[in-house]
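Peer 1: Next up is a structure, given as structure tokens.
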Amino acid sequence: MKKIITNNFEETQNLAKDFMGQILGKLEQRGRALVIVLEGDLGGGKTTFTQGLAQGLEIKENLASPTFVLIKSYRITPPQPSPYRRGGRREGLKNLYHIDCYRLNKPFEEIINNPQNIVVIEWPEKIAEILPKDAIKIKFEFIDENRRKVVIEKNHSFNQNQN
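If you're matching positions, the sequence shown starts at 0 in numbering that gives the first Met the number 0 and goes up one per residue.
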């Protein structure tokens with residue numbers, strides 16, 4: 000477990016870019032999507048963190064919160080030299096999905112099971128029964144207007160009955 004305090008949105012985005020570089024550097028062949036779940040209150044920094052992940056993947060589109068549309072997808076550009084890339088296996092990754100489960104009633108198993116996807120999920124407790132055991136859990140705590148506490152828990156098990 001890693002605990003970090005960020006002092007502004009730039010630090011939160013830079014933390015996400017560095018995190019994405021570390022994950023890509025260790026990414027192995029997978030049978031399903033890389034799932035990253037984000038927990039925290041409204042305004043806690045979840046979308047800001049996801050914007051940093053997208054920047055680390057060199058996604059050029061402006062990433063916004065999917066709260067009202069529930070799901071947004073972005074194409075991952077082919078690998079280019081990047082200070083955030085640490086020799087990772089990005090070649091097989093094609094899509095970044097940003098899902099807000101706050102108002103979600105229907106799960107998106109097809110997206111989660113595709114190994115060409117990176118899936119970032121806000122409000123994961125709404126679909127805990129379909130989350131893979133190896134989902135990376137990141138918790139956000141609002142400290143004040145600018146500061147956030149970010150806790151990264153790798154390989155957190157959401158549902159003990161999942162494979």
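Built from N, CA and C at the ideal position, the CB exists for glycine as well.
Could you tell me how far apart the beta carbons of Lys148 and Lys2 are, in whole angstroms, since I believe they sit closer than 8 angstroms?
Peer 2: Along the sequence shown, read from residue 1 onward, the residue named residue 148 stands at position 149. Along the sequence shown, read from residue 1 onward, the residue named residue 2 stands at position 3. 7 angstroms between Cβ atoms; contact.
Peer 1: Determine the DSSP secondary structure at Leu41, reduced to helix, strand or coil.
Peer 2: Counted from its first residue, the sequence shown places residue 41 at position 42. Leu41 falls in the coil class under three-state DSSP.
Peer 1: Does the CB of Lys132 have a neighbour CB from chain C at under 9 angstroms?
Peer 2: No chain C is part of this structure, which consists of one protein chain only.
Peer 1: What is the residue span of the alpha helix (DSSP H) that Leu95 lies within?
Peer 2: Here residue 95 corresponds to residue number 96 of the sequence shown, with the count starting at 1. That residue, Leu95, is in no alpha helix (DSSP H); its beta strand (DSSP E) goes 94-99.
Peer 1: Leaving out the 5 sequence neighbours to the left and right, which residues in its chain are closer than 7 angstroms to Asn7 when beta-carbon positions are compared?
Peer 2: Counted from its first residue, the sequence shown places residue 7 at position 8. Counting only Cβ-Cβ distances below 7 angstroms, and skipping sequence neighbours, we find Asn145.
Peer 1: CA-CA distance, Thr47 and Leu62?
Peer 2: On the sequence shown, residue 47 is found 48 positions in, with the first residue counted as 1. On the sequence shown, residue 62 is found 63 positions in, with the first residue counted as 1. When rounded, the distance between both Cα atoms is 9 angstroms.
Peer 1: Excluding the five sequence neighbours on either side, which residues of its own chain have a C-beta within less than 6 angstroms of the C-beta of Met0, listed in chain order?
Peer 2: Here residue 0 corresponds to residue number 1 of the sequence shown, with the count starting at 1. Answer for Met0: Glu152, listed in chain order.
Peer 1: Taking Glu121 as the reference, which of Ile135, Gln115, Glu109, Ile75 has the closest Cα?
Peer 2: For the purposes of this step, residue 121 is taken as residue 122 along the sequence shown, with counting starting at 1. Nearest option by C-alpha distance: Ile135.
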